[in-house]
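Going down the list, the sequences are from chains P and S. Under the working numbering, the residue at position 50 of the first sequence is numbered 164, and the numbers go up by one with no gaps. Under the working numbering, the residue at position 365 of the second sequence is numbered 479, and the numbers go up by one with no gaps. To start, the structure itself, in structure tokens.
2 protein chains.
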Amino acid sequence: LTATQRKGLATAKPPSSLFAALDTFSDRHIGPDNAEAAYMLSKLGYNSMDAFVDEVVPSKIRIPTDAISDNVIGPLSEAELLRRARLLGAENKQYKSYIGMGYHNAVVPPVILRNIMENPAWYTQYTPYQAELAQGRLESLVNFQTMIMSLTSMDIANSSLLDEATAAAEAMVMALVASNYKKTLLPFLEPGQKDLEFSWLWVTLIFAGFFSITPDLDGQVKDFRGLTESVHAAKALVAVATDLLALALLKPPGEWGADIAFGNSARFGVPAGYGGPHAAFFAKMPGRIIGRSRDAHGLPAYRLALQTREQHIRREKATSNICTSQALLANMAAMYAVYHGPEGLRRISNKVHGLTQLLKEIVERFGYRAIHQHFFDTLMLDSLHSAAAKAGINLRIVDDKHVGVTLDESVGPIDFLRIVNAFAASVGAPISTAENLPTSNRSSAIPESIRRTSDYLPSSEMLRYIHHLQSKDLSLVHSMTPLGSCTMKLNSTSSMIPLTWPEFSAVHPFVPLEQVKGYSKIIGDLETYLCKVTGFHACSLQPNSGAAGEYAGLSVIRAYHESRGEGHRDICLIPVSAHGTNPASAMMAGLKVVPVKSLQDGSLDLVDLKEKAEKHSDNLAAFMVRLAEVHITYPSTFGVFEDGANLNAKIGLTNPATCGGDVCHMNLHKTFAIPHGGGGPGMGPICVAEHLAPFLPSHPIVPTGGERPIDAVSAAPWGSASILFISWAYIKMLGGQGLVDSSKIALLSANYMAHRLSGHYSLRYKNANGRVAHELLIDFAEFDKSAGLKVTDFAKRLQDYGFHPPTVSWPISTCMLIEPTESESLEEIDRFCDAMINIRHEAEEVMTGKQPRDNNVLKNAPHPMSVIALSEEEWKRFPIHVSRPLIPLPWLRERKFWPTVSRCDCPSVEESAHEDA
Amino acid sequence: LTATQRKGLATAKPPSSLFAALDTFSDRHIGPDNAEAAYMLSKLGYNSMDAFVDEVVPSKIRIPTDAISDNVIGPLSEAELLRRARLLGAENKQYKSYIGMGYHNAVVPPVILRNIMENPAWYTQYTPYQAELAQGRLESLVNFQTMIMSLTSMDIANSSLLDEATAAAEAMVMALVASNYKKTLLPFLEPGQKDLEFSWLWVTLIFAGFFSITPDLDGQVKDFRGLTESVHAAKALVAVATDLLALALLKPPGEWGADIAFGNSARFGVPAGYGGPHAAFFAKMPGRIIGRSRDAHGLPAYRLALQTREQHIRREKATSNICTSQALLANMAAMYAVYHGPEGLRRISNKVHGLTQLLKEIVERFGYRAIHQHFFDTLMLDSLHSAAAKAGINLRIVDDKHVGVTLDESVGPIDFLRIVNAFAASVGAPISTAENLPTSNRSSAIPESIRRTSDYLPSSEMLRYIHHLQSKDLSLVHSMTPLGSCTMKLNSTSSMIPLTWPEFSAVHPFVPLEQVKGYSKIIGDLETYLCKVTGFHACSLQPNSGAAGEYAGLSVIRAYHESRGEGHRDICLIPVSAHGTNPASAMMAGLKVVPVKSLQDGSLDLVDLKEKAEKHSDNLAAFMVRLAEVHITYPSTFGVFEDGANLNAKIGLTNPATCGGDVCHMNLHKTFAIPHGGGGPGMGPICVAEHLAPFLPSHPIVPTGGERPIDAVSAAPWGSASILFISWAYIKMLGGQGLVDSSKIALLSANYMAHRLSGHYSLRYKNANGRVAHELLIDFAEFDKSAGLKVTDFAKRLQDYGFHPPTVSWPISTCMLIEPTESESLEEIDRFCDAMINIRHEAEEVMTGKQPRDNNVLKNAPHPMSVIALSEEEWKRFPIHVSRPLIPLPWLRERKFWPTVSRCDCPSVEESAHEDA
Ligand SMILES: Cc1ncc(COP(=O)(O)O)c(C=O)c1O
Ligand SMILES: Cc1ncc(COP(=O)(O)O)c(C=O)c1O
Ligand SMILES: O=C([O-])O
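Structure, rendered in structure tokens:
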């Protein structure tokens, strides 16, 4: 079967009516067509899909076949989806918001909008764990870090955090850890501590450090120098939430002694998106930090210098659960800085500040009074606010007598007049026109003492620079990225297009709900669908990532226990094989982690589980488990938390509720097709059983969640709301049947791949029928024994074949976890298998001594293009003629992707994790 | 100076007011900044820009410095432009049109919209004359040809023509030529022949052939088999205008004996765009035809098998002036066919036909009568049409008593109900709802005898396929494309974004003018600006390409002569150095070409001109001249046609009116920044002096032009109207000052490049001050003499350095014409010069015998990636170690672009042209 034999979108099934849409999405989302699926089944020895699925998914956890179907979720075609999106967009009112509170009207340079935000070669990349295939993004993230370091005047900055709220929490934890208050972390983080809101609002003095904001929520810029000295004298840290644009004019935190500076980078050209996604910045750690290192040939190469995956190493001792960050948005902010350059940023900052001063001057003439005299872009005014709504603009409603007005780069003369005249109308003052506006520059409302005097940042060309960086990075536009546990599937363009329409992108998260009916429908639908899919009762779309979902779910369980007077329950059982974020999230939620062992074959040790559950029964709070691992039969006296990060291949066949869970989190950036963005954004909603629903998280500005909610877990009420559209569209377009078909084909593709590779590699974790689920785990331990070849060597060699390596060294250090997903065509799956098999032959040459153990195509991998430029002399040092390492299979002449650096000489964090272990 | 030293967008000039926009476009459009320009001037020995410009542009053709300024054209920033575009878009009403007449509501698959139409790597490419750098597009264009061949059942098809009207004209000419009526071509094409409208409407029996349409304008499908036999018996040809979607159900022209089939491919996923751009198809010739050939290593490679540049060879004997085609739109249509596959296309065709039958059935129940019984997608109904307008839909208003309704793929149940109920409302019939609509399939309204029975077309994966083809092609996202006479400059994203908004893309060209006020403003502004820039009185935006503009301009001159009783004037003087389309266009316009010689130094032979002008004075109709060539001093007793295809570096310094012209055409896809689209679309408006204004072309449906207009020269009233937005935005964003600055920097960059290359290569055409204009011409004749190296060898070698070669062998066969434009940065210009100089060193090695004459890095160029995969044995055949041909300069390790095939073994059309000559 070849591509040319395949027949486009149309399936065998003829259209159901004259009006039926013909661009059926499941035909495009699901790689193999009916004929190919039949062929794959026959290779596995089945003559029906049902017979196959029955042997893969145990009957005791199966759900009824009509649980998920087109009757439950009716499908939309790609064109219908876009039409629906237009209608929903029209239900989001296009009021302009000057609400501030961390969200602005960003002006996205068109070249960045189209060539990064709307470009699959930027948004479909995986996290840059494989540095050799990710030099473009890494360079751009270094630009981000440099920009943050330069604007904050701090020595080090990370490459982004989820949002400002998470960054605040991280700052708090860091202050605690640094000041040796480690022991006090747990009580401090208890949900009971209501005065400490897990939100963007941090003006709280705590014993470990001082949290300051400048400019603050009400717009005031403050001088913290005196206070900082006192705090330092008390050996505590000073953390400051601040604003990047203001820092072009304000004395930077690094210059007045702050230890930590953090905030949201979104106003650097990232749309508000009804709350996100946005990249928080954090100077200094934690999070991912990109560093410049050297590759195997001693040439400069960027790589992750620090991953937040310290969870892999320290597990229950980890102090942060952060995993996914916001690479795509950090890259946009970095490119925005490159586009404008330092002088441009300063001019924008001056303009925003100047307009704010002018506004103050004008409205004071009308008789209003500004509460604060020192400000950057925000005025707090004593005023009534009915006029604003009439003018089609949103101001911040502080209380009955006060409004906040926050200006930004987008404010043109017409916008400005509209604001001015709304204030004028309110008091019957005369209307201004463009002609009678004063425009001269006023003296700054920033006191001399805290004005910025230092310089920052360089710049460059745009479109080609963007393309040049893009060309260094492998993404889904090139080939499959078969990452076990991460589920990289088709990220359809149709689900992405509406995101950048202003109806979705230019919406402030705190506008009145009647202005966002389109968004509300999407949110409502998605909650319903996720409940259907999980079998649960209620859903929170607030958590901004899988780890945030874990934290939220466990916090909900804690709140439940407390509500029943069982607040002492603080033990969380977690299998040793669990994802590293699990124990870290449990720690963050104030739980004590008790690990549960694995058996030799990798499955959960049920005896150990029983033992520990009994031992801790009085204090047991929760048990975190991966859905695939076990069908829980224990009576649910404690909360069972399903780590359903990856629900792929389960939808319509089984669900977490049926498996006995109480809570489950889902990474929408996996099963539900939000693209990985080169390392974020993600979304990690949770679904819960009925008894937990009252405790779902709320939000201080826009109430969400249950009747006895836990505090907010994200800065915005529905997290990174704009990308919820993607998962909504994914479900809508597939419909019930398409979702179930996707599950089945995902199982089939994994088993077909297992079948093709099984003669060549050792597979682990097969079930009694010899079948795997939607992932396969290959163990490379034997090659280390026989030839000194490690799993990493195979992974790096795959890069030379144009594939992103699957997940390595997880969940077992000598293994590779492979997940083809339902979206890959049979042709692509075969191409990947061919590469794996060819590498097996290459390994054979090392095993038989044809290539030396320390100089062979696996150890030398990847081979970047610079190999070609080596001298004849240097070429002689290769074990075989250079053409073979570079172009090992004929199709690579046409489809070669070149890693741009050779292997980095420092071990990866995963590797050191296992070396430590 | 390096990129990192440059400082982003901001210029030295501080913002003029608090409200001034800070994303000034000219800072981004113009590559070198002030400091770099000063450096370049100093290298040339000037200390002011004015002193330099004075030595380049002769004072006698200069215009006043305030002729073009910010007072004349005020600048908009990028963000302001987008805001303005939104307002203009809102002025185009979003009525849905079922007018038909060749334009439909296309449904663009989102993956194609985003990844081709909105992707600079597809829309900024140059025409694929350099096959080695264009294999992706060539493959896609072969898909287009295959699709056309397959749907029409013709043996050969070209890779697109400008529009259906042009295709009709080509069919006519082909019929005439084929049937030996050559001599009659001229009178036949006279503008006087009013019965032959140069439009999409061709149902005219002519002596050389029979022009048929099926389905015809009124929707009727006809059986032409009998008639075709009679026409063939009379040794004439049958040409048919037809519809690709209908051909999925209709017996294809190739099966019933048509000799030529043509039409518009736009309904295959290309938006209406208020008239275009769209790709016409034409099976068989003329136009560009892509063929599969073999490269120097015998591997398969696509290339232009036939270019329409027969004008280069046959010049005044050429029978077609077509040059630019519609590659981008042809690629979209081809991808649409791949996306849907043959079964998908058949289903769409069936659906459209089925809905049309259903509509007929329903409205007949209301008492309407369909005029034709055999139809595909169009009903002609006896009806009044006021109800339609009320319902917000446009039908075709045929006359007081008849409407046409044309359905298409976009029609969903709601659309359908809206149409049905408009008819119902008109006669007071009951309103239908989704529930009471009959949906069963009816018997076909296509007679059995002309139904299609044969099969067509294969299919494939989408995003990766698109990306894979894209990755083979060099475009402006990689590096500069310094094509002399073609002016490849920055195609800013901001000018491209609004094009794909439905407010601009989903507009039928024949809607009432009150529905398109946004478009009308853009058209009005652009006409005004182009008149300002040229110094002329009136403008026609109708011609779809440069060649069409030439034809239009000369036709206007002829009409003028006729109006004065001088219809006998039919001689057109054209310099031998003119672009090949000039004589061909003159021929098409019914003029006799008399060539004017060039002098040794390449300039026009004024003595010869005078002689010929005097000799033909009684019959002289026009003199076609390139603006740069000469300042015309002859009294304008005849029309002087300025071939201003390329106005770059002239705006604000001189203009065609000042130079003595009467008409001038402009290729908007050059000076005015419409991207080249990989070989189209283009636009070629004309501006004329006051006495010619009455003759500007009109249009049969939407009147345009002067009071005594010539016939339409394009299918749509304003040609490819949607892309006029790009040039409008270009002018709007630069403003007067930015336009003038662009001219000056274009001159400076060319002279700086000339300065850098002058020690290494021989430059031709310098002025008395040793300066070139905005292009430089290098002569390679000396290398042929000394080492057998031809200009092509240098061009092909440039590919190995990642540059698209400049224009080769034109206007002089041994030369290369280089145009850096104002958009390239100093760094990029230097990089290009470095490559040229390094190639000069490589040539030296051949001259001195270090590399053999028949086996050297120039003759072997380009070196595709497959070279790496050659065996050690084969590598030994290279003249030097392989790393040098592949990576000749260090920066190529990072920025290498790989040609995907080696040199094609057949000579190019240009080469054979000069061999013939
Ligand atoms: C099983 C599992 N749980 C949790 C996570 C953490 O998700 P996130 O990166 O969105 O925080 C992941 C993601 O890598 C995962 O694979
Ligand atoms: C000088 C000149 N005239 C005319 C043309 C023809 O323009 P078009 O290809 O748009 O028909 C060109 C384009 O190559 C040109 O360079
Ligand atoms: O630079 C661009 O606007 O594409």
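Even for Gly, the Cβ is constructed at its ideal location relative to N, Cα and C. Keep in mind it's a predicted model, so treat the numbers as computed, not measured.
Cβ-heavy atom distance, residue i to ligand 2, below 7 Å
i	result
S:S434	no
S:K392	The displayed chain sequence assigns His, not Lys, to residue 392 of chain S. Not so, every heavy atom of ligand 2 lies at least 7 Å from the Cβ.
S:S599	yes
S:T595	no
S:T695	yes
S:C437	yes
S:A736	no
Through-space distance from residue j to residue i, alpha-carbon basis
i	j	result
S:S130	S:G377	53 Å
P:E942	P:V525	49 Å
S:F382	P:P978	41 Å
P:G458	S:L891	39 Å
P:G468	P:R461	10 Å
S:L315	S:A279	Its pLDDT being 29, under 50, S:L315 is placed unreliably in this model, and the coordinates cannot settle the point.
S:C437	S:G250	21 Å
S:S937	S:R142	8 Å
P:E304	S:R578	For P:E304, the predicted model reports a pLDDT of 34, less than 50, meaning its position is unreliable; a value from the coordinates is still stated below. Approximately 49 Å between the Cα atoms of the pair.
P:S634	P:H813	16 Å
S:R120	P:K846	Residue placement at S:R120 is flagged as unreliable, the pLDDT there being 45, under the threshold of 50; the coordinate-derived value follows with that caveat. Taking the straight line joining both Cα atoms gives about 48 Å.
P:P697	P:M449	36 Å
S:V352	S:S326	7 Å
Distance between beta carbons of residue j and residue i, contact taken as under 8 Å
i	j	result
S:H454	S:D277	Incorrect: roughly 23 Å between the Cβ atoms, too far for contact.
S:Q629	S:K207	4 Å
P:P920	P:L931	6 Å
P:C645	P:C773	P:C645 to P:C773, Cβ: 15 Å. No contact.
P:F809	P:P823	6 Å
P:G793	P:T241	4 Å
Residues bridged to residue i [DSSP beta-bridge criterion]
i	result
S:K55	Chain S is shown only over 115 to 1031; residue 55 of chain S falls outside these bounds and no answer can be derived.
P:K210	P:I507
heavy atom of ligand 1 below 7 Å from residue i C-beta
i	result
S:S923	no
P:G833	no
Could you tell me whether the stretch 681-688 of chain P touches the stretch 706-716 of chain P, using the rule of 3 or more Cβ pairs below 8 Å? The stretch 681-688 of chain P is in contact with the stretch 706-716 of chain P.
I want to know whether the stretch 656-672 of chain P touches the stretch 723-737 of chain P - three or more CB-CB distances under 8 Å. yes
Contact the stretch 658-666 of chain S vs the stretch 815-835 of chain S: 3+ CB pairs below 8 Å: Taking 8 Å as the limit for Cβ pairs, the verdict is that the stretch 815-835 of chain S does touch the stretch 658-666 of chain S.
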